[in-house]
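Structure record follows, encoded as structure tokens.
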Amino acid sequence: MKIRGLTISVIIVVGLASCNQNKHIDNWGKIFQDHNVNGTFVLKNLNTNKTLTYNQKRSNKEFVPASTFKILNSMIALQVSSIESVDDTIKWDGVDRGYKPWNKDQTMRTAFPISCVWFYKELARRTGQDKMKKWIDAANYGNKKIDNKIDRFWLYGKLAISANEQIDFLEELIKDELPFDKKIQETVKNIMITDSNENYVIHSKTGWSDNIGWNVGYIETKDIIWIFAMNIDMNDIKIAPIRKVITYDILKEQRIVK
């Protein structure tokens, strides 16, 4: 009887500890309201494993990953040699897709930060359906569902991922625990750098499709690594800058950046 009582006590203590690891932050709602958008934001302290979340229900809801899938697409392409390195060139086909920076030859290093869709579609076609599915399964990425649209399933297909799942995926990337060569993981983390100064380095990727906007990544400070994932309802590309504005507003409120 004493053992049973002790077991129950341990369960209660563990349960309370788990609850304390994930804290809902309602005051971030004002930041979303100020920009007139609905969304969620998840921020995890990798040192303490504590997670702060705004809009918990939505943080568990899966959406198409859009261009945030370029993080995984890059690693898969390098792993299976769909392209040999981040500096190998794929020739532009001459088709004007309405965005001038895309209208030229690209490498992974140039295509990733400008989210060049035609480049990553070509990588996916080179990889092929079977290899793509194999590595998505191995990485345990989102719901792991892809259809036969090999060059668009992350934009308009069945693949979906939640903000919390993005956090888990990025944590494994940071720790080099994804099923890819360590050098490949380090290379992709390097091309993800979007901002840096003497106080921090931000690695991130935005995305937009099916009226959902994303910004996911992590920030390295001198003492702590923070992982973040946010998504918003976004029915117009004109409001795209809001994704990064909200991210920085929250990072500033948490005194992670100035």
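Quick note on this note's numbering: the sequence shown kicks off at 271 and runs consecutively.
The C-beta atom is built at its ideal place from N, Cα and C for all residues, glycine as well.
These numbers were taken from a predicted model, which means no experiment stands behind them.
Cβ neighbours of residue i in the same chain (closer than 6 angstroms, five flanking residues each side left out)
{"i": "Lys361", "result": "Asp375"}
{"i": "Ala408", "result": "Pro449"}
{"i": "His294", "result": "Thr323, Gln326"}
Sequence-distant residues of its chain with Cβ nearer than 7 angstroms to residue i (five each side left out)
{"i": "Lys475", "result": "Ser337, Thr338, Lys340, Ile341, Met462, Val486, Gly487"}
{"i": "Ala432", "result": "It should be pointed out that residue 432 corresponds to Ser in this sequence rather than to Ala. Within the same chain, Ser432 has close Cβ partners Ser329, Asn330, Lys331, Glu332."}
{"i": "Thr517", "result": "Asn485, Phe498, Met500"}
Cα-Cα separation between residue i and residue j, rounded to whole angstroms
{"i": "Ala381", "j": "Leu393", "result": "11 angstroms"}
{"i": "Lys414", "j": "Thr457", "result": "24 angstroms"}
{"i": "Gln399", "j": "Arg525", "result": "44 angstroms"}
{"i": "Asp357", "j": "Asn297", "result": "43 angstroms"}
{"i": "Ala499", "j": "Trp484", "result": "8 angstroms"}
{"i": "Val334", "j": "Phe423", "result": "9 angstroms"}
{"i": "Arg396", "j": "Met402", "result": "10 angstroms"}
{"i": "Asn292", "j": "Leu313", "result": "10 angstroms"}
{"i": "Ile281", "j": "Asn434", "result": "Here Ile281 scores only 40 on pLDDT, less than 50, and its place in the model should not be relied on; the value that follows carries that caveat. So the two alpha carbons sit approximately 24 angstroms from each other."}
{"i": "Gly364", "j": "Thr321", "result": "46 angstroms"}
{"i": "Gly427", "j": "Glu523", "result": "36 angstroms"}
{"i": "Ser288", "j": "Leu316", "result": "Caution is warranted here: a pLDDT of 42 is assigned to Ser288, below 50, making its placement in the model unreliable, and no coordinate value can be reported."}
{"i": "Glu447", "j": "Asp519", "result": "30 angstroms"}
{"i": "Asn308", "j": "Ile482", "result": "10 angstroms"}
{"i": "Leu443", "j": "Lys459", "result": "8 angstroms"}
Enclosing beta strand (DSSP E) for residue i [first to last residue]
{"i": "Lys414", "result": "Neither: Lys414 is in no beta strand (DSSP E) and is coded neither H nor E."}
{"i": "Gly299", "result": "From DSSP, Gly299 is part of no beta strand (DSSP E) but of the alpha helix (DSSP H) over 299 to 304."}
{"i": "Asp480", "result": "No beta strand (DSSP E) contains Asp480, which DSSP labels as neither H nor E."}
{"i": "Lys320", "result": "320 to 324"}
{"i": "Val334", "result": "Note, Val334: premise wrong, no beta strand (DSSP E); not H, not E."}
{"i": "Lys528", "result": "Careful: Lys528 lies outside any beta strand (DSSP E) and carries neither H nor E."}
{"i": "Leu313", "result": "309 to 315"}
{"i": "Lys293", "result": "292 to 294"}
N-terminal and C-terminal residue of the alpha helix (DSSP H) that residue i is part of
{"i": "Asp438", "result": "433 to 444"}
{"i": "Leu521", "result": "512 to 523"}
{"i": "Ile454", "result": "452 to 461"}
Nearest candidate by alpha-carbon position, reference residue i, set the options
{"i": "Thr464", "options": "Thr517, Gly427, Gln436, Pro383", "result": "Pro383"}
{"i": "Asn501", "options": "Asn317, Val515, Lys492", "result": "Val515"}
{"i": "Met345", "options": "Asp366, Gln455, Glu441, Tyr426", "result": "Gln455"}
{"i": "Asn505", "options": "Asp480, Lys300, Glu441", "result": "Asp480"}
{"i": "Ser352", "options": "Arg367, Phe389, Asn373, Thr318", "result": "Phe389"}
beta-carbon residue i near the ligand FMN non-hydrogen atom, thresh 6 angstroms
{"i": "Ser329", "result": "The ligand FMN is absent from the structure shown, which contains no ligands of any kind."}
Cβ of residue i within 7 angstroms of any chain D Cβ
{"i": "Asn469", "result": "Going by chain labels, chain D is absent from the structure shown, which holds only one protein chain."}
Can you list the alpha helix (DSSP H) stretches of 4 or more residues lying completely in the region 348 to 432, in chain order? 378 to 381, 387 to 397, 399 to 408, 423 to 426
Can you give, in chain order, each stretch of the beta strand (DSSP E) that sits fully within the region 482 to 506 and has at least 3 residues? Listed in chain order, the beta strand (DSSP E) runs fully inside the region 482 to 506 are 482 to 491, 495 to 503, counting runs of at least 3 residues.
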